[in-house]
Structure formats: structure tokens, C-alpha cells
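Here our numbering is used: the first residue of the sequence shown is 32, the next is one more, and so on.
By construction, the Cβ of each residue, glycine as well, lies at the ideal position given by its N, Cα and C atoms.
Predicted model, so just to flag it, every value in this text is computed and none were measured.
Below is one structure, written out as C-alpha cells, with a few remarks after it.
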Amino acid sequence: MSERNETREIFLGILLLLGMHLIAIAAIFALGLIVNQIYGNYSFFMVWIVGGYGFLFWQLLYVIPVCLRLKRQQRPGIMKGVIIGAVITALLNGSCFLLFYPR
Numbered sequence: 032m033s034e035r036n037e038t039r040e041i042f043l044g045i046l047l048l049l050g051m052h053l054i055a056i057a058a059i060f061a062l063g064l065i066v067n068q069i070y071g072n073y074s075f076f077m078v079w080i081v082g083g084y085g086f087l088f089w090q091l092l093y094v095i096p097v098c099l100r101l102k103r104q105q106r107p108g109i110m111k112g113v114i115i116g117a118v119i120t121a122l123l124n125g126s127c128f129l130l131f132y133p134r
């Protein structure tokens with residue numbers, strides 16, 4: 032595989048992960064609205080806060096199966112892009128968490 036094609040596939044993997052992140056964020060947002068309809072009292076904030084702080088762990092629910100599927104399909108470039116995007120997301124999430132809760 033040429034360097035140009037692998038770079039393109041890595042970029043496509045990062046875009047794939049970005050799309051999955053948008054779907055996950057929409058699901059967390061919708062879950063918060065559903066909880067608000069059931070319980071009221073601004074309970075949706077708690078769902079959004081837990082969803083935001085725990086996004087690193089939520090992303091593992093869809094990143095690992097996607098990586099396994101891409102490995103089975105022999106698409107290592109896209110798999111590398113998904114992994115790179117997941118690591119960037121984890122580092123960003125962790126650093127933002129430390130900004131809000133310093134020691």
C-alpha cells in the first residue's frame with residue numbers, strides 16, 4: 032500500500048470515529064431528555080454530566096468492536112485512524128476532566 036493511500040485511510044478512520052462520536056453524543060443528549068420527561072427536576076443535567084465525564088468509557092463500547100471488525104476485513108489503515116482518534120479523544124477528555132477537578 033502506498034503512503035498516500037494509508038494516510039487517506041487513517042484520515043477516513045478518524046472521520047469514521049468522529050461520526051460515531053456525534054451519534055454517541057446525540058444518544059446521550061436524547062437519553063437526558065427522556066430522563067427529564069420521566070423524572071423532571073433538571074435530572075437531565077446529571078445524565079449529561081455523567082455522559083460527558085465518562086465519555087472515555089462510553090467510546091470503548093463502540094471503538095473496540097469497530098476495530099475488531101476492521102481487522103477482520105483487513106483494513107489496517109482505517110483501524111489505525113480509529114485508534115488514533117480514540118486516543119486523542121481520551122487525552123482530550125482526561126485533560127478537560129483535570130481542568131474541572133484539579134487537586
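- Of the residues Phe42, Gly44, Val94 and Asn36, the one whose Cα lies closest to the Cα of Ala55 is Val94.
- Here the alpha carbons of Leu92 and Tyr84 stand approximately 15 Å from one another.
- Using a 10 angstroms sphere on the CB of Gly112, the tally of other CB atoms reaches 16 or more, which defines it as buried.
- Asn72 sits in coil when the DSSP states are folded into three classes, being neither helix nor strand.
- Pairing Phe75 with Val66 gives a Cβ-Cβ distance under 8 Å.
- Around the beta carbon of Phe86, 16 or more other beta carbons sit within 10 angstroms, so the residue counts as buried.
- Straight through space, the alpha carbons of Trp79 and Gly63 are spaced by roughly 6 Å.
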